[in-house]
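In my numbering, the protein residues as written are 652 to 946. Ideal Cβ placement from N, Cα and C applies to all residues, glycine included.
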DNA sequence: AACTACTCCTGGAGGC
DNA sequence: TGCCTCCAGGAGTAGT
């Protein structure tokens with residue numbers, strides 16, 4: 652499930668292979684995933700050249716020539732693969748089903764862009780939840796505004812005071828749902844939420860208003876360090892099986908039944924806020940007020 | 001305000 | 001092997 656680090660890794664790969672390429676053909680196989688601001692079809696993309704790529708939270712934004720922009724959101728299971736004329740992969744990222752290196756197009760490949768160097772960009776999404784918007788550049792910010800995206804956690808402007816301010820608005824909300832709420836922080840999903848909360852030694856059910864200053868500092872450091880590590884180390888490639896894991900990531904998510912890397916207690920999986928949630932029952936601190944010792 | 005439930009989907013895992 | 005059920009989850013919406 653592509654989260655901020657996965658989308659950023661994908662962006663950086665595509666930023667090396669796509670700019671300068673001109674779209675010469677588009678094959679839209681699942682019309683519902685494509686939303687054009689003018690209600691038109693994807694054929695309007697032909698003869699437009701890729702200028703540059705950027706990212707906002709989990710949105711991948713591809714700026715095109717002639718006043719057009721493509722905005723991708725891969726949601727749960729979208730993947731993008733760019734292959735050259737010989738079928739060699741130039742860039743890839745997102746959800747690892749179908750497996751990297753699998754023949755494309757796949758039965759769940761819903762959009763295929765042919766480029767002027769005979770390379771091909773495949774959008775595959777087994778869940779069909781992903782979306783591609785086409786719009787003039789002036790419409791991009793309004794689209795992102797409608798998503799009410801919170802601050803970029805890797806932006807230098809995202810300080811502990813900014814985080815404290817976001818949480819102060821929702822003092823009675825629980826920590827994990829807050830981290831997953833894109834209007835609080837942009838780009839965190841279920842896997843990284845578990846990792847961040849573990850690293851910060853907090854609990855998913857801690858009330859935002861009960862996190863003290865030291866806890867806020869740990870949470871802020873955890874958000875930055877977990878996401879920065881994931882981007883810099885290319886954790887997306889590990890999660891996706893492209894690269895062998897040479898690091899202890901993830902530390903808790905998906906590791907139920909294995910020892911906590913910090914204290915050795917067995918990691919447990921619970922269902923919290925409707926999501927599979929992994930925690931260490933020992934070293935993730937109990938909340939201050941909601942959970943009395945006798946509870 | 002803040003929670004839960006539901007919707008959209010289908011591959012994959014597990015049970016039998 | 002094959003059928004069945006359940007789970008996975010981002011985000012939007014409706015209901016409580």
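**Study point:** Where residue 656 sits in the DSSP three-state scheme
**Key:** helix
Check your understanding: Is residue 787 buried or exposed, if buried means 16 or more other CB atoms sit within 10 Å of its CB?
Key -> exposed
**Study point:** Segments of 4+ residues assigned as alpha helix (DSSP H) that fall wholly inside the stretch 693-780
**Key:** none
Exercise for review: Taking only the alpha-carbon atoms, compute the straight-line gap between residue 909 and residue 714 and give it to the nearest angstrom.
Suggested key: When rounded, the distance between both Cα atoms is 44 Å.
Review point. Got a sec? Which residues, its chain only, sit under 6 Å from residue 730 by beta carbon, not counting five neighbours each side?
Key: 745, 746 and 775
Exercise for review: Starting from the N-terminal side, write out each stretch of the alpha helix (DSSP H) that is 4 residues or longer and does not extend beyond the stretch 848-923.
Suggested key: 864-884 and 886-890
Review point. In the structure shown, what three-state DSSP assignment does residue 791 receive?
Key: helix
Review point. DSSP state of residue 782, grouped into three classes?
Key: strand
Check your understanding: Does the count of Cβ pairs from the stretch 811-820 and the stretch 901-917 closer than 8 Å reach three?
Key -> no
Point to revise | Within 8 Å, strictly: CB atoms of residue 594 and residue 836 | key: With the chain running from 652 to 946 in the structure shown, residue 594 is simply not present.
Practice item. Below 8 Å CB to CB, which residues in the same chain sit around residue 684 once its five sequence neighbours on both sides are set aside? Key: 761, 762, 774, 776, 779, 781, 782 and 783
Check your understanding: Does the pairing of the stretch 839-856 with the stretch 652-669 give three or more beta-carbon distances under 8 Å?
Key -> yes
**Study point:** Own chain residues within Cβ distance below 6 Å of residue 895, not counting five before or after
**Key:** Model confidence at residue 895 stands at a pLDDT of 49, short of 50, so the residue's coordinates are unreliable and nothing is read from them.
Review point. Are residue 660 and residue 882 touching if we call contact CB-CB under 8 Å?
Key: Their beta carbons are under 8 Å apart, which means residue 660 touches residue 882 by this criterion.
Review point. Mapping DSSP to helix, strand and coil, what is residue 670?
Key: coil
**Study point:** First and last residue of the uninterrupted alpha helix (DSSP H) at residue 811
**Key:** Where residue 811 is concerned, the enclosing alpha helix (DSSP H) stretches over 811-819.
Check your understanding: How is residue 681 classed by DSSP in three states: helix, strand or coil?
Key -> coil
**Study point:** With 16 other Cβ atoms within 10 Å as the buried cut-off, status of residue 933
**Key:** exposed
Check your understanding: Which term fits residue 823, buried or exposed, when burial requires 16 or more other beta carbons within 10 angstroms of its beta carbon?
Key -> exposed
Exercise for review: Report the rounded CA-to-CA distance for residue 671 versus residue 698, giving the unit in angstroms.
Suggested key: 12 Å
Review point. Since residue 825 sits in a beta bridge, which residues does DSSP pair it with?
Key: DSSP, once it has assigned bridges, lists 858 as partnering residue 825.
Practice item. Report, in whole angstroms, the separation of the C-beta atoms of residue 928 and residue 922, which I expect to be a contact under 8 Å. Key: 7 Å
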